[in-house]
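Residue numbers (the working numbering): 18 to 203. Worksheet: the structure to be examined is printed underneath.
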């Protein structure tokens, strides 16, 4: 009788309190981890979706450090980190770094439009950034097979620039906006 009560109680508890989902495992490359540390950046891995790391495409028009993808959100997020280096003055010019990266990732089609927006103060504060811009564009086929691209460029003086690419197909996909705080400066 005690065994039956224990089994019934165990089954009831498992229905009320199901086992937690297994944590996502992303394989972060050592070079990416080193850049995160050098630039004083914390990565915010979304635990509420099915993100998995994606192999870095070496043939891409623009090299990047790490990528992850969610099938559920139909979103790929790529990271390119440029730590500040006092010996390289360009690392203190985020507007040049960002414009160059967006121009490299975007298609050269005459009909394509690139939109550039300022980042609002709320997002800058959330990411502990001093400067930021958002670039909306159509990616080059060699960069991504997705139809749409959004690049968030963030900069913190003395730490570096972070370029985050959000690649997706559906213009109504809100995940790119919801994942803007993918990293923040310390």
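Idealized CB from N, CA, C, for every residue including glycine.
Go to residue i, then tell me how far its beta strand (DSSP E) extends in each direction, as first and last residue.
i: residue 162; result: It is not in any beta strand (DSSP E) - residue 162 carries neither H nor E in the DSSP assignment.
i: residue 118; result: Element bounds for residue 118: not the beta strand (DSSP E) but the alpha helix (DSSP H), 111-122.
i: residue 201; result: 200-202
i: residue 66; result: Note, residue 66: premise wrong, no beta strand (DSSP E); not H, not E.
i: residue 90; result: Run containing residue 90: none; DSSP gives neither H nor E here.
i: residue 135; result: 132-135
i: residue 179; result: 177-185
i: residue 204; result: This structure leaves residue 204 out entirely; the chain is present only between 18 and 203.
Using alpha carbons as the reference points, say which of the options lies closest to residue i.
i: residue 129; options: 135, 66, 120; result: 120
i: residue 180; options: 163, 105, 117, 102; result: 117
i: residue 141; options: 165, 152, 170, 157; result: 170
i: residue 50; options: 84, 114, 64; result: 84
i: residue 103; options: 199, 191, 175, 189; result: 175
i: residue 48; options: 100, 114, 143; result: 100
i: residue 79; options: 124, 191, 192; result: 124
i: residue 111; options: 70, 95, 147, 61; result: 147
i: residue 191; options: 46, 45, 89; result: 89
Since residue i and residue j should fall inside the 8 angstroms C-beta cutoff, what is the C-beta to C-beta distance between them, to a whole number of angstroms?
i: residue 205; j: residue 108; result: Coverage of the chain is limited to positions 18 through 203, which leaves residue 205 absent and any answer about it impossible.
i: residue 122; j: residue 160; result: 5 angstroms
i: residue 72; j: residue 87; result: Incorrect: roughly 16 angstroms between the Cβ atoms, too far for contact.
i: residue 114; j: residue 198; result: That pair is no contact at about 20 angstroms.
Taking 8 angstroms as the threshold (C-beta atoms), are residue j and residue i in contact?
i: residue 154; j: residue 173; result: no
i: residue 149; j: residue 133; result: no
i: residue 187; j: residue 91; result: yes
i: residue 97; j: residue 53; result: no
i: residue 93; j: residue 163; result: yes
i: residue 81; j: residue 43; result: no
i: residue 185; j: residue 165; result: yes
i: residue 63; j: residue 196; result: yes
Give the range of the alpha helix (DSSP H) segment to which residue i is assigned.
i: residue 54; result: 47-56
i: residue 141; result: 138-143
i: residue 195; result: 192-195
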